[in-house]
Each structure stands twice: as C-alpha cells, then as structure tokens.
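A short worksheet on the structure shown next.
2 protein chains.
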Amino acid sequence: MALEPELVARFAGLVGPGNAVTDPDRLAPHLVEWRGLYRGRTSLMLQPETAAEVSAIMALAGRTRTAIVPQGGNTGLVGGQIPDGSGGQIILSLSRMDAIRNVDAAGGIITVEAGATLQAVQDTADAADRLFPLSLASQASAQIGGVLSTNAGGTTALAFGVARDLCLGLEVVLASGEILHGLRSLKKDNRGYDLRNLFIGAEGTLGIITAASLKLFPKPRGTATAFAGLASPARALELLTLAQSRLGASLTSFELSAALPFQFALRHMPALRDPFARSYPWYVLLEASSPVGAAQAQSALAAVLEDALAAELIGDAVPAASDAQARAFWAIREGMSEAQKHEGGSIKHDISLPLAAIPQFMDEAALAVQSVVPGARIACFGHLGDGNLHYNVSQPVGADKASFLARWADMNDAVHAVVSRHGGSFSAEHGIGVLKRDILARSLDPVALATMRSLKNLLDPLGILNPGKVL
Amino acid sequence: MALEPELVARFAGLVGPGNAVTDPDRLAPHLVEWRGLYRGRTSLMLQPETAAEVSAIMALAGRTRTAIVPQGGNTGLVGGQIPDGSGGQIILSLSRMDAIRNVDAAGGIITVEAGATLQAVQDTADAADRLFPLSLASQASAQIGGVLSTNAGGTTALAFGVARDLCLGLEVVLASGEILHGLRSLKKDNRGYDLRNLFIGAEGTLGIITAASLKLFPKPRGTATAFAGLASPARALELLTLAQSRLGASLTSFELSAALPFQFALRHMPALRDPFARSYPWYVLLEASSPVGAAQAQSALAAVLEDALAAELIGDAVPAASDAQARAFWAIREGMSEAQKHEGGSIKHDISLPLAAIPQFMDEAALAVQSVVPGARIACFGHLGDGNLHYNVSQPVGADKASFLARWADMNDAVHAVVSRHGGSFSAEHGIGVLKRDILARSLDPVALATMRSLKNLLDPLGILNPGKVL
Numbered sequence: 000m001a002l003e004p005e006l007v008a009r010f011a012g013l014v015g016p017g018n019a020v021t022d023p024d025r026l027a028p029h030l031v032e033w034r035g036l037y038r039g040r041t042s043l044m045l046q047p048e049t050a051a052e053v054s055a056i057m058a059l060a061g062r063t064r065t066a067i068v069p070q071g072g073n074t075g076l077v078g079g080q081i082p083d084g085s086g087g088q089i090i091l092s093l094s095r096m097d098a099i100r101n102v103d104a105a106g107g108i109i110t111v112e113a114g115a116t117l118q119a120v121q122d123t124a125d126a127a128d129r130l131f132p133l134s135l136a137s138q139a140s141a142q143i144g145g146v147l148s149t150n151a152g153g154t155t156a157l158a159f160g161v162a163r164d165l166c167l168g169l170e171v172v173l174a175s176g177e178i179l180h181g182l183r184s185l186k187k188d189n190r191g192y193d194l195r196n197l198f199i200g201a202e203g204t205l206g207i208i209t210a211a212s213l214k215l216f217p218k219p220r221g222t223a224t225a226f227a228g229l230a231s232p233a234r235a236l237e238l239l240t241l242a243q244s245r246l247g248a249s250l251t252s253f254e255l256s257a258a259l260p261f262q263f264a265l266r267h268m269p270a271l272r273d274p275f276a277r278s279y280p281w282y283v284l285l286e287a288s289s290p291v292g293a294a295q296a297q298s299a300l301a302a303v304l305e306d307a308l309a310a311e312l313i314g315d316a317v318p319a320a321s322d323a324q325a326r327a328f329w330a331i332r333e334g335m336s337e338a339q340k341h342e343g344g345s346i347k348h349d350i351s352l353p354l355a356a357i358p359q360f361m362d363e364a365a366l367a368v369q370s371v372v373p374g375a376r377i378a379c380f381g382h383l384g385d386g387n388l389h390y391n392v393s394q395p396v397g398a399d400k401a402s403f404l405a406r407w408a409d410m411n412d413a414v415h416a417v418v419s420r421h422g423g424s425f426s427a428e429h430g431i432g433v434l435k436r437d438i439l440a441r442s443l444d445p446v447a448l449a450t451m452r453s454l455k456n457l458l459d460p461l462g463i464l465n466p467g468k469v470l
Numbered sequence: 000m001a002l003e004p005e006l007v008a009r010f011a012g013l014v015g016p017g018n019a020v021t022d023p024d025r026l027a028p029h030l031v032e033w034r035g036l037y038r039g040r041t042s043l044m045l046q047p048e049t050a051a052e053v054s055a056i057m058a059l060a061g062r063t064r065t066a067i068v069p070q071g072g073n074t075g076l077v078g079g080q081i082p083d084g085s086g087g088q089i090i091l092s093l094s095r096m097d098a099i100r101n102v103d104a105a106g107g108i109i110t111v112e113a114g115a116t117l118q119a120v121q122d123t124a125d126a127a128d129r130l131f132p133l134s135l136a137s138q139a140s141a142q143i144g145g146v147l148s149t150n151a152g153g154t155t156a157l158a159f160g161v162a163r164d165l166c167l168g169l170e171v172v173l174a175s176g177e178i179l180h181g182l183r184s185l186k187k188d189n190r191g192y193d194l195r196n197l198f199i200g201a202e203g204t205l206g207i208i209t210a211a212s213l214k215l216f217p218k219p220r221g222t223a224t225a226f227a228g229l230a231s232p233a234r235a236l237e238l239l240t241l242a243q244s245r246l247g248a249s250l251t252s253f254e255l256s257a258a259l260p261f262q263f264a265l266r267h268m269p270a271l272r273d274p275f276a277r278s279y280p281w282y283v284l285l286e287a288s289s290p291v292g293a294a295q296a297q298s299a300l301a302a303v304l305e306d307a308l309a310a311e312l313i314g315d316a317v318p319a320a321s322d323a324q325a326r327a328f329w330a331i332r333e334g335m336s337e338a339q340k341h342e343g344g345s346i347k348h349d350i351s352l353p354l355a356a357i358p359q360f361m362d363e364a365a366l367a368v369q370s371v372v373p374g375a376r377i378a379c380f381g382h383l384g385d386g387n388l389h390y391n392v393s394q395p396v397g398a399d400k401a402s403f404l405a406r407w408a409d410m411n412d413a414v415h416a417v418v419s420r421h422g423g424s425f426s427a428e429h430g431i432g433v434l435k436r437d438i439l440a441r442s443l444d445p446v447a448l449a450t451m452r453s454l455k456n457l458l459d460p461l462g463i464l465n466p467g468k469v470l
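As they're listed, the protein sequences go chains A and B.
Position 134 of the first sequence, counting from 1, maps to 133 under numbering that gives the first Met the number 0, and the rest follow consecutively.
Position 97 of the second sequence, counting from 1, maps to 96 under numbering that gives the first Met the number 0, and the rest follow consecutively.
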C-alpha cells in the first residue's frame, strides 16, 4: 500500500522544487496530531503554491486512484488532517498558499488563501481598522482552510457566528481537478444553489478549499470584561438572558466554567490569580464591546452585573480593571484545556444542547459519568451562549491514566446518550474526522446520512478526497 | 399534457377532504404572479396538512412522473411559484401547514411550518419578547417556505443577514418522498455535511421545505430613524462607513434611494410628505436600534449625522420625531416599488455589487440604459449596506408602455453587462425562477453550473420538483 517511488516522483514534479517533502524528519510533525492521539504514515507531503498546482495534483490523483489528505495548521482535534497508517495517502499541505489576496476595508471583505493562519487574517484586518472576529486558542497555527473545513466556532460565535457565517465565497479544487471559482465578494447573491456551504465543514472530503472571501466588521473601539461567580448553570442561563436583552449584539462573549477547570487553570498556571475572594460552583466570563469606547462597554456591563447581583443571579462579579487584567481573565479561560493535561487522563466531549436543556443535562450527565468511572472529575466549560460545552472528564485522583482512557468509548456513549435525549449534538465545533465517524453513522437521521453519502459519491466518485474521514 | 382525471383523483385522495382544489375560480389566483407577469395552467392544487401528506404526494409524483410546483404566499418576483402552461403540473400549496410548532424564547429559537406567514412569525416572536428580524414589504402574505426557498433578504439583512443566516435547521420532503428530519435547535452543530443550505435558495427544485427552525434575537428597546439628503452614491458609501464604525451592529438599516423613486413615492402616495425643505440627488434612510431605549439610539444616530453634516457627507438630515414619523419615512421607502407602477412600464434589475464599485457602476449603467432606450428614467433604490440595488428603469415620459417593455431583455443585458464587469450579481435577493434561468446558464462559472446540475440530478433524478425553474 505504500506509495511507489515512481508515483512519488510524478506527484513531486507537479509542485515547485523543494515543495515535495519526502524527508522523514520533515514529514514527522505532519504525521501526528498535536496531542499524539492520531498517527499516520506517508512518504510524501506536497506543498503547492497555486490552485492550478492543486488542480494538477487532484487530476493525477484521480488517474492513479491516490488518496489525498489536505492538511492546514494540524490543530484539528478529531483526526481529520492525519493520513491513515497505510502509507498510501499523500498529505496536501496548503501552508504555502498563504497570501492575503485582497482587503476591502470599506466593503468589509477580505480574500485570503487557505494556508493563511487565522492570526494573520485577524492581524491584516486589524491593520485595516477592521475586525475578523473568529477567535480560537490555536489561531497562531490554525489555517483558514482548516478553520472553514471544520466549520470552527470559538469564543465570538455568540455575536458573530461560526466560520460558516463569516464566509461569503470559496475557491475550491474538486476531486476532478476542476476549479470552482466561487470567490464572491457580495453580501447578497442568489445565483443558483449554495455550493459554498457544502465544502464548509466537509473536512476536505468533498473538495479542497484553496481560498476564501470572508466578512470583516467595524472594529469595536473598546471592550469590557468581567468574571462572575454563581451557583448553577440555571442561574448562568438567566444571566445570559438578562445580558442579551440589555446588551444585544454588543455581548460578544459569554463563557461558562464549572469550578473544577477554573481551579485547574489557577493551579497549573502560577502566573494567574483568582479574581474572587471565595470560590463559587460556577463561573461566567463576560465580554461586552462598544463601537464608541471602553467606558461605554464598561458602564453597560457593570449595570447588567449590578442588576444580576440585586436579583441574586450571581454571588459576585469582578470587572477587569485594565487591559492586562482582561487578558489575565481570558488566560484563565483559555488555559483550561491545557491545565487539564496536568490532572491525568481526560476524556473529551464537544457537545451542544438547546439552552433550556442544559441544567437538566448537567444533572443527568454527572450521574452517567459516575456510572462509568466512579470518582471521575467533570471539567465542564464552554460557550454557553451557543449551547456549546466542552464536557471533559478527568480521571479520578490517583487513578491509572491508561485504564481510565481505556473507558473512552464507554464514557462517550454514556454522555452522548444524555446529549441525544435532550436533542443535542455530539459534534458542536470540532468536526467528525475519524473520532466521530462511527457515532455519526450510528446516530444520524438515516435520510440525512444517505443524502450525505450520495453527495460524497457525487463529488468524489473515486474516493480520493480524505477517505475514511466524516463518512 | 393536462392531468388525467384519474390521476387528479389519486392525488386528491392523499389530502384531507376539501384540500384538493379543482375549482377553476379557486385555482385562478394561484396561476398568476401578482404583477401578472407569469401565468400558468393546472387543474389541481393540493393543500396538505402534514409532512407525511407531502411525502405521500411526492411518492405518487415519482411513480407517475408528475411535476410538483410548490407555492407559498405567491409573492415571488421571478416566476418560481407558477406552474408552466402545459396544465400537467400540480401546485403544492403549503398554506395549511402554518403551525408555529415551538417558541423557545430563552434559547432564541422558533420552529414553524412552511406555510406560516413571515408576519405571523414576526408577531409570534414579538409576543414572546423576541425579534425575528427578516422584513419584507410582502410579509403579510409571504410564507416562510418561500422566504427560505428564495433566500430572501430585505431591509434588515445589514445587521441580521439574509434568510439563510437566520435558519438553523429544516424539515424537507425529498423528491423520493423521504422526509429529512433536520429541525435542529442548536446554534452550533457539525454533524456531517451541511444539507440545510442546499435547500435554502433552491426554489423548491431540490426538495420541499415543510418546516424550519429559525433564530430569534433580543428585541430592541428602541429605534431611531432618520432621512439624509446627499449628493452622490460615493457620499452615501462614506456615510455608511462612518455610521457602521460608530454604531456597529446597532445600525440596522441603511437604504439608499435616488431622487426619482423618492419623488415617485411622494407623488403617488398623497398621504406622504417630503421631510426636506429642498430636494437632493440622493437620499439615505437610516435606522439605529438600541437594547436600552429609543433615547440612546436617537442620540447615537444624531451624533453620526452631525459629524456627517460637519464633514459635508450629507446636505441635510431629518430625524423622525415620533414613531408615526418613522413609519411615514419607511412608507416612502416601501412605497417606491408600488409608486413606480403609476409611471408606466418598469424594467427591473435585482443586483448586488461590491460596495466600492457602486459609484462607478452608477455612472456606467446610466449610459448603458440611455443607449438602449434614450429618455428612460432610472429609479434606483435598495439596501446599500448589502450592496443590493433595485435598479429599476421606468419608461420615458409619454412613451408607449408595450414597446418600452419589449426592450426588457436588451435592457437587462446592457445593465447586467455592467454588473458583471464590476464583479456583481444579477440575482441578489429575488432568486432565479424562470426569469433568470437563461442568464444563469449563460453567465455562471461553468464548473459551478455543472455542479449545480449534478446536484439537481442527484436529488431529483426524475425531474419532478418544480421543473423549468432555476436550472
């Protein structure tokens, strides 16, 4: 199943000198997912510089029935970007296609190639006095092609939506090698069927995104950040309703955390300080933005929190007194995932739920977790405003990591059963990849699944686009 | 080609008594588009009450190769909802499927059947202290199924997006009769490929939307409305940039009009008054919303307009002094289309452009119009914030209406050529229907067109779903 040297040479001839990587040391970091959970093999990674080169690669892949695995910044969490173990799949890295093709500040549109990092897009927007709102902990490495292919969410989806909502058009190389020229720079465009959204979230299984037109927004002139301590998810939902009714679209983040991941972050990141004098069972990190300035955002947020205190929705609230303190608050939130590593094995769930179902879900899921591994510690945090929870389960204190992680599938099944009972999703923002392929096949509406399979067969009849992922 | 009586009886047996309309008088209003531009024939309209009935209808349609034309409120502008002249197509009216299935105010989601009117959805949201923002002049009749099937836009797309952006999930009956259960009530959900957006904007050619989950928003506590008079579209774009940077997402409408449609509205709607003491070449209607109250919106909008006056972006601005005056301002804007009827024949263009291209487009398109019909009067208005213009052309004063309208295709060609030169779209928010099917086939990226055709063939292999529309 490994790639024949002659085939490697033919593919290598399609890209510029130095852009066909065969050196095992250079290949190695692209063969393993960053947490080490997914590993693959290959003897070739191609780094094309143009959509025309990607087109030539797909045409040859079709003629030779060679599987192509597109890879962006390799920050994905479900294994979608890693080749299988056969050695017969080629990695297609988009990293050299990183140009910012155009910035139209007045029109609110940026056109970028797939290999541009999310950070580069944010920075380019910022330099043009505009905001590209999508924000992920991995944004320094995550590339736009991967962000779109996984339909990433992040902390600003509450006000600005997920990747899908931020994309106006795509350039895509199809399995046939044909190039779909869909880089539309229009806010409204009803010319026929929507093709863009087929490729967004398809994890490279229906086509290779090579460039995208994305929405830009006026840059807020100031933000206000505050942490609140409170008793329960039900109270957090009431606070969300209050904050949204009072702040509207200027409520730009609303992040929930249980006490445990909050404490993990403080314990393992010694530079961070607890903003509160006492501890609370739950915490919410709120951010409000203003087109006028920080003072307006601060007074609006403070008024909400005062009323929330008076209504006993929260026990305490600490507004960030400076930009530095706001960054420190965000560091607690963004450090939760990393800090969890120091607490032993962690079994992850990336779920979403109807908002109203969340309190009940929390109660039932806690029982489900204990029934699988008594003493397991639930480290739940996430984007409450989107109904999106990272429902992570840390091993019991002192337990054996390997035997805890051996219960991964059982734990997933138990938690996802509760999710399903409440009309939720087992894949909110991280995608399907290989991790959730089986559960998708098992649990999705059969008509939807059959339609997805027929779309895959239509757009990739030879099965050369990232095979073994999603479906 | 007319429907056999035996076939009519078989289809009629699939719906409840009285729900199979064969009376020519009752059929008549469903056979003609409201402006009289599109006319068709049929001897049967079915009015199913459940998705299961729609499923049975499609299953029988498949077995008998009978074409089904879904129809909502019959307010469409491109002929998509009207059967052809053969008499062999059945109208499938969704009007009896008008239930509001669920309102989740706290979660910000409303689930409605396809036949619910846009007005009913707005009113239901309002009664739950929420906003469903999509707003069209035809909303009292327009049904959600049609709104989604045409991916309608309207006056609030600037802040809230088009129909596509407001939809979380769909229930769809496929050509096979299978029911796709996709009524997801989740803000984030990455379970496989996005099927929802295939059906949105497909004008009933890929499946029949029977229900939808839609986003609700916190209701603004106050709005401010103002008219500004100004010199040119270039100035209007500068005003837009200023207003967006200062108001952010609270700028909820930004409607441009040339002097002519503004004057038409005042001339033919005698209850309306000109807000200005003198006339201007162009006008902008602005609306700002506030989650706090009208006073906040008014002061924020007034500050923008003061600065715009000082910077000489505008010649004058008139804030609405009351809700009644705000409604009167909107009546001028919403009356433009109707008022144009009194000025003789009108050739319409529903176009969108990159914002920066609009001033140049205006100059070039004016020349193009004059080259086709000297003396034709350009009545251009639209949603400038979305780059979406209704570039309508009224006949020369005193000209013969029929001979002017005979130039429809030539006029379209001339204007669309300028649109195309500037990277714009000939179909911004009204859809393709039969009106723009030829131009779509002629001018779309061939790879995109071929992909759309293969999707149509995949999802409707027998060609029974609204044949002759879109593709």
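For every residue, glycine included, the Cβ atom is placed at its ideal position computed from N, Cα and C.
Paired residues, beta bridge with residue i - DSSP
i, result
"residue 333 (chain B)", "Beta-bridge pairing links residue 333 (chain B) to no other residue."
"residue 288 (chain B)", "B:222"
"residue 44 (chain A)", "A:20, A:90"
"residue 146 (chain A)", "Beta-bridge pairing links residue 146 (chain A) to no other residue."
Minimum Cβ-Cβ distance from residue i to chain A less than 7 Å
i, result
"residue 189 (chain B)", "yes"
"residue 177 (chain B)", "yes"
"residue 322 (chain B)", "no"
"residue 348 (chain B)", "no"
"residue 246 (chain B)", "yes"
"residue 240 (chain B)", "yes"
"residue 92 (chain B)", "no"
"residue 135 (chain B)", "no"
"residue 434 (chain B)", "no"
Closer than 6 Å: residue i CB and nearest the ligand GTP heavy atom
i, result
"residue 45 (chain A)", "As for the ligand GTP, it is missing from this structure, which has no ligand bound."
Any chain D beta carbon closer than 7 Å to residue i
i, result
"residue 430 (chain B)", "Absent from the structure is chain D; the protein chains it does hold are A and B."
CB contact below 7 Å: residue i versus chain B
i, result
"residue 453 (chain A)", "yes"
"residue 450 (chain A)", "yes"
"residue 186 (chain A)", "yes"
"residue 147 (chain A)", "no"
Sequence-distant residues of the same chain with beta carbon closer than 8 Å to residue i, five excluded per side
i, result
"residue 33 (chain A)", "73, 74"
"residue 38 (chain B)", "30, 31, 32, 81, 84"
"residue 229 (chain B)", "235, 238, 279, 280, 281, 282, 283, 312, 313, 314"
Same chain, Cβ closer than 6 Å to residue i, neighbours up to 5 away in sequence not counted
i, result
"residue 465 (chain B)", "68, 203, 204"
"residue 469 (chain A)", "202, 204, 431"
"residue 104 (chain B)", "127, 129"
Proximal residues to residue i (C-beta, below 7 Å), its chain only, five neighbours per side dropped
i, result
"residue 363 (chain B)", "417"
"residue 455 (chain A)", "204, 205, 470"
Closer than 8 Å is the cut-off here; do at least three beta carbon pairs connect the segment 403-412 of chain B with the segment 341-355 of chain B?
yes
Is the segment 98-116 of chain B touching the segment 210-226 of chain B, taking contact as three or more C-beta pairs under 8 Å?
yes
3 or more residues per run - each beta strand (DSSP E) lying fully within the segment 181-214 of chain A:
Taking only runs of at least 3 residues, the beta strand (DSSP E) segments lying wholly in the segment 181-214 of chain A are 207-214.
I want to know whether the segment 289-299 of chain B touches the segment 196-208 of chain B - three or more CB-CB distances under 8 Å.
no
Could you check whether the segment 131-151 of chain B touches the segment 426-446 of chain B, counting it as contact only if at least three pairs of C-beta atoms, one from each stretch, sit closer than 8 Å?
Under the three-pair Cβ rule at 8 Å, the segment 131-151 of chain B counts as touching the segment 426-446 of chain B.
Does the contact criterion of 3 or more C-beta pairs under 8 Å hold for the segment 375-395 of chain B versus the segment 183-192 of chain A?
yes
Does the count of Cβ pairs from the segment 154-172 of chain B and the segment 125-134 of chain B closer than 8 Å reach three?
yes
Are there three or more Cβ pairs, one per stretch, closer than 8 Å when the segment 310-327 of chain A is compared with the segment 221-228 of chain A?
Yes: at least three Cβ pairs fall under 8 Å.
Could you tell me whether the segment 300-309 of chain B touches the segment 234-243 of chain B, where touching means 3 or more Cβ pairs closer than 8 Å?
yes
Touch test, the segment 388-402 of chain A against the segment 365-379 of chain A, Cβ-Cβ under 8 Å, three pairs minimum:
yes
Counting Cβ pairs closer than 8 Å, one from the segment 37-51 of chain B and one from the segment 85-105 of chain B, do we hit at least three?
yes
Whole alpha helix (DSSP H) elements within the segment 311-382 of chain A, 4-residue minimum
322-339, 357-371
Does the structure place the segment 111-120 of chain A close enough to the segment 91-101 of chain A that three or more beta carbon pairs sit under 8 Å?
yes
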